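Trainee: The numbering of the sequence shown is full-length UniProt numbering, which starts it at 1 and goes up by one.
Backbone N, C-alpha and C fix where the C-beta goes; we use that ideal spot for every residue, glycine too.
Owing to the predicted nature of the structure, the values given are computational and were not obtained by experimental measurement.
My questions will all concern the structure given below.
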Amino acid sequence: MNVDVDINVDIDVDIDVDVDIDVDYDVDIYIFVDTDVDIDVDVDIDVDIDMDYDVDIYIFVDTDVDIDVDVDIDTHSCVNNFGVMAEAHYVGVDVGTSSVRAGLVKRGGHMLAIHTVPITVGNPAANFYEQDSEEIWAAVCQAVKVVTSGLSDKSVVRGIGFDATCSLVVLDHDLRPVTISPYTGKDNFNIIMWMDHRAKDQAFYINSQQHKVLKYVGGKVSLEMQSPKLLWLKVHMEDTWKRAAHFLDLPDYLTLKASGSLSRSLCSVVCKWTYQCDGSTQGWDHSFFKSIGLEDLAQDNWKKIGQKVVAPGTSCGVLTAAAAEQMGLVRTTQVATSIIDAHAGGLGLVATQATTSDDFVGRLALICGTSTCHMCVSQDPIFCQGVWGPYLSAMVPGCWLNEAGQSASGSLVDHIIKTHPAANKCTTGKNVYQWLEELLAVMAKEEKLSDPTLLTRDFHLYPDFHGNRSPIADPTMKGMISGLTLDASDRNLALLYLAAIQALAYGTRQIIEQLTSSGHNITSLLMCGGLSKSPIFAQTHADALGMKVLIPQAQAPVLLGASILAAAASGDYPDVTSAALAMADTAPSCLPHQELTRYHDRKYQVFKKMQADQEAYCQLMLNE
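Set out below in structure tokens:
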């Protein structure tokens with residue numbers, strides 16, 4: 001039972017709560033008082049309970065000024081626990097590609113503080129990207145300790161949730177790192193990163209088997225998923241394969257370090273490991289692993305890749321003594337089962353301005369980081385060629401998730417800027433994106449154009465610089481540019497920047513067409529991540545797709561998603577969906593400019609022609 005009181009004026013409040021309960025379960029009664037003014041609170045609780053179990057009554061008071069709380073409690077049954085406490089807080093941890101972030105969130109979803117710690121990305125050779133799990137864990141502990149340093153009472157942190165990239169972590173029997181690096185041979189490099197493309201041949205081989213489980217990954221397993229990487233390790237690093245006792249997704253490694261539990265998140269194993277969960281059956285498909293030469297992973301009841309699989313937001317225990325000390329938190333802090341970083345962002349986005357979980361359907365969440373993930377949910381399973389899923393309860397409990405994506409988005413824009421001769425001309429003190437967008441406005445004005453969008457009439461870019469994740473699902477696709485001259489000025493850089501953003505929008509348009517043709521009805525977009533902060537990026541997507549774009553005002557929807565899991569695991573909310581609806585943010589709308597529709601339609605036709613031409617070039621070169 002919850003009683004919420006939000007007060008914005010100077011007032012005396014009398015709260016009378018009469019509770020008459022006849023049940024056979026534990027009962028927690030929470031009274032939340034949220035105020036930022038001087039207030040007296042008188043609480044009169046009359047509890048009449050006929051039951052065999054304990055009752056806990058808590059009053060949570062959140063205020064920035066003095067508060068006087070008088071409590072008169074009259075019980076007609078056993079009440080074992082009573083206290084006046086500060087409002088509940090939660091910690092969300094996000095391990096991205098190149099940094100770890102921790103966020104401190106209070107009940108209701110307000111982000112109080114964020115701290116970021118950089119982490120190393122090893123790139124010993126083309127397509128090889130590696131990390132150090134112990135460095136990442138140290139960064140996690142540092143970020144959490146800093147972000148909670150302002151709390152005088154750490155017991156108010158009732159839960160901690162983790163998200164991370166879907167990278168592969170390898171540990172031995174003693175949970176120590178095992179190398180995955182053929183170039184360094186160092187055990188501290190024990191993570192094959194999500195964007196590592198070493199396993200191209202293994203992915204091709206797995207797809208050639210045409211096993212039935214592949215229908216849940218759009219017909220083709222991606223070389224960024226874990227089964228190709230596992231097969232690569234078995235083929236190319238025999239000693240590592242022999243030493244390895246545990247293979248984990250990075251989000252599951254974090255909950256292992258925090259709680260000591262080797263349980264796996266349903267999100268990770270369903271989305272990246274081909275674990276099967278369709279509502280009627282759940283488990284590893286032995287025939288699939290046998291068909292691809294990984295049957296040995298079935299030994300000891302799948303101990304190496306996960307025996308116990310639980311839903312995100314489920315508590316997997318409290319902090320270990322070591323983790324509590326390293327983070328500066330109390331041991332009773334609940335640890336939530338983790339989630340993949342993009343899915344945390346999706347969870348933090350889809351509940352925006354929603355009143356029930358039914359409102360989640362029809363929304364496409366774009367998590368725009370180094371890559372972009374496109375997430376949408378449905379009430380029934382929808383199979384879509386070239387799009388991953390459907391995955392049951394991988395992001396929203398009870399809903400089926402489809403996941404598309406672009407392998408390079410933020411990294412594409414950064415690459416274009418950093419490799420251009422004019423990149424160092426931004427000396428105004430502004431960030432380079434703001435500088436380029438202001439330059440585009442000047443260029444449009446000089447050419448007497450109504451909108452900078454029109455500057456790329458003769459300049460086109462195809463964005464698959466790191467392969468195509470969706471909907472073609474071809475990692476061999478390359479980037480293309482049409483319209484180059486000898487110009488190497490800052491204006492040429494501005495055109496490249498704009499053309500790249502437009503190309504990413506057209507890629508999303510193609511993904512939406514694929515989703516729609518399969519049965520989804522996408523009516524709006526929600527965005528988060530670095531690129532979404534660019535006004536041109538958001539407006540271009542609205543214009544090119546002809547639909548409303550919502551960008552939540554929250555500083556970090558991905559961190560919010562991790563915090564939602566923490567809130568659910570703490571028991572303060574009955575489930576993840578309830579926590580998401582209660583903690584979601586508001587969002588202003590970015591509406592399409594109808595006058596640019598025909599222009600974007602023509603540019604989109606060029607985009608698809610470039611895609612088809614590249615495929616034709618490849619066929620020509622294959623012909624001897």
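Based on Cα-Cα distance, which residue from Ile564, Glu437, Leu347, Met193 lies nearest to Ile501?
Mentor: Residue 501 sits at position 501 when you count from the first residue of the sequence shown. Closest option to Ile501, Cα to Cα, is Glu437.
Trainee: Please classify Pro592: is it buried, with 16 or more other beta-carbons within 10 angstroms of its beta-carbon, or exposed?
Mentor: Within the sequence shown, residue 592 is the residue found at index 592, counting from 1. When all chains shown are included, Pro592 counts as buried.
Trainee: Do you know offhand how far Met621's Cα is from Ala244's?
Mentor: Residue numbering aside, residue 621 sits at position 621 when the sequence shown is read from its first letter. Residue numbering aside, residue 244 sits at position 244 when the sequence shown is read from its first letter. If I take the Cα positions, the gap works out to 42 Å.
Trainee: Does DSSP put Arg598 in a helix, in a strand, or in coil?
Mentor: Within the sequence shown, residue 598 is the residue found at index 598, counting from 1. The answer is helix: DSSP assigns Arg598 an H, G or I state.
Trainee: Contact between the stretch 382-399 and the stretch 247-267 is defined here as three or more beta-carbon pairs at a separation below 8 Å; is this criterion met?
Mentor: The answer is yes - the stretch 247-267 touches the stretch 382-399, with three or more Cβ pairs under 8 Å.
Trainee: State the DSSP-derived secondary structure class of Arg101, mapped to helix, strand or coil.
Mentor: Reading the sequence shown from its first residue, position 101 is the one you call residue 101. Strand at Arg101.
Trainee: According to DSSP, simplified to helix, strand and coil, what is Val221?
Mentor: Position 221 of the sequence shown, counting from 1, holds the residue named residue 221. Correct three-state label for Val221: coil.
Trainee: What's the gap between the Cα of Ala584 and the Cα of Leu531?
Mentor: Locating residue 584 in the sequence shown gives position 584, where the first residue counts as 1. Locating residue 531 in the sequence shown gives position 531, where the first residue counts as 1. Those two C-alpha atoms are separated by around 21 Å.
Trainee: Label Cys376 either buried or exposed according to how many other C-beta atoms from any shown protein chain fall within 10 Å of its C-beta, with 16 as the threshold for buried.
Mentor: Here the question's residue 376 lines up with position 376 in the sequence shown. So Cys376 ends up on the buried side.
Trainee: Can you give the beta carbon distance from Val318 to Thr337, rounded, assuming they're within the 8 Å contact cut?
Mentor: For this step, residue 318 is matched to residue 318 along the sequence shown. For this step, residue 337 is matched to residue 337 along the sequence shown. Actually they are not in contact, since the Cβ atoms of Val318 and Thr337 sit about 13 Å apart, beyond 8 Å.
Trainee: Going by C-alpha to C-alpha distance, which of Ile206, Phe383, Val105, Ala199 sits closest to Leu233?
Mentor: Within the sequence shown, the letter at position 233 stands for residue 233. Leu233 has its Cα closest to that of Ala199, out of Ile206, Phe383, Val105, Ala199.
Trainee: Can you name the residues that DSSP bridges to Tyr90?
Mentor: If you number the sequence shown from 1, residue 90 lands on position 90. Paired residue(s): Val105, Gly159.
Trainee: Suppose contacts are defined by Cβ-Cβ distances below 8 Å. Is Ser227 in contact with Leu294 by that definition?
Mentor: Position 227 of the sequence shown, counting from 1, holds the residue named residue 227. Position 294 of the sequence shown, counting from 1, holds the residue named residue 294. Taking 8 Å as the Cβ cut-off, Ser227 and Leu294 qualify as a contacting pair.
Trainee: Under DSSP, the alpha helix (DSSP H) around Asp174 begins and ends at which residues?
Mentor: If you number the sequence shown from 1, residue 174 lands on position 174. No alpha helix (DSSP H) holds Asp174; DSSP gives it neither H nor E.
Trainee: Can you list, in chain order, the stretches of the alpha helix (DSSP H) that have 4 or more residues and sit fully within the stretch 413-501?
Mentor: Entirely contained in the stretch 413-501, the alpha helix (DSSP H) runs reaching 4 residues are, in chain order, 432-446.
Trainee: With a threshold of 16 other CB atoms inside 10 Å of the CB of Ala423, please say whether the residue is buried or exposed.
Mentor: Stepping through the sequence shown from its first residue, residue 423 is reached at position 423. Classification of Ala423: exposed, given that the 10 Å Cβ count is below 16.
Trainee: Are the CB atoms of Ala567 and Tyr90 within a distance shorter than 8 Å?
Mentor: If you number the sequence shown from 1, residue 90 lands on position 90. If you number the sequence shown from 1, residue 567 lands on position 567. Going by C-beta atoms, Tyr90 is nearer than 8 Å to Ala567.
Trainee: Identify whether Ala394 lies in helix, strand or coil by the three-state DSSP scheme.
Mentor: Here residue 394 refers to the residue found at position 394 of the sequence shown. Coil, per DSSP.
Trainee: Residues in its own chain within less than 7 Å of Ser142 by CB, not counting five upstream and five downstream?
Mentor: Residue numbering aside, residue 142 sits at position 142 when the sequence shown is read from its first letter. According to the sequence displayed, residue 142 carries Gln and not Ser. Closer than 7 Å at Cβ, skipping near neighbours: Val117.
Trainee: So, at 6 Å on beta carbons, what are the nonlocal neighbours of Val413 in its own chain, with the 5 sequence-adjacent residues on each side left out?
Mentor: Along the sequence shown, read from residue 1 onward, the residue named residue 413 stands at position 413. The answer, listed in chain order, is Ala500.
Trainee: Which of the three DSSP states, helix, strand or coil, is assigned to Met375?
Mentor: To locate residue 375, count along the sequence shown from 1; it is residue 375. Residue state, collapsed to three classes: strand.
Trainee: Beta strand (DSSP E) containing Tyr573: first to last residue?
Mentor: Taking the sequence shown and counting its residues from 1, the one referred to as residue 573 is at position 573. Careful: Tyr573 lies outside any beta strand (DSSP E) and carries neither H nor E.
Trainee: To the nearest angstrom, how far is the alpha carbon of Asp296 from that of Phe247?
Mentor: As a working note, residue 296 is residue 296 in the sequence shown. As a working note, residue 247 is residue 247 in the sequence shown. Straight-line Cα distance between these residues: approximately 13 Å.
Trainee: Helix, strand or coil for Pro124, going by three-state DSSP, please let me know.
Mentor: What you label residue 124 is simply residue 124 of the sequence shown in a count that begins at 1. Strand, per DSSP.
Trainee: Give me the residue from Tyr506, His415, Ile292 with the minimum Cα distance to residue 626.
Mentor: Residue 626 is absent from the structure shown; the chain starts at 1 and stops at 624.
Trainee: What is the C-beta distance between Thr97 and Ile180, in whole angstroms, given that I count them as a contact (C-beta under 8 Å)?
Mentor: Numbered from 1 along the sequence shown, position 97 holds the residue referred to as residue 97. Numbered from 1 along the sequence shown, position 180 holds the residue referred to as residue 180. Going by Cβ atoms, the distance from Thr97 to Ile180 rounds to 17 Å, so no, they are not a contact pair.
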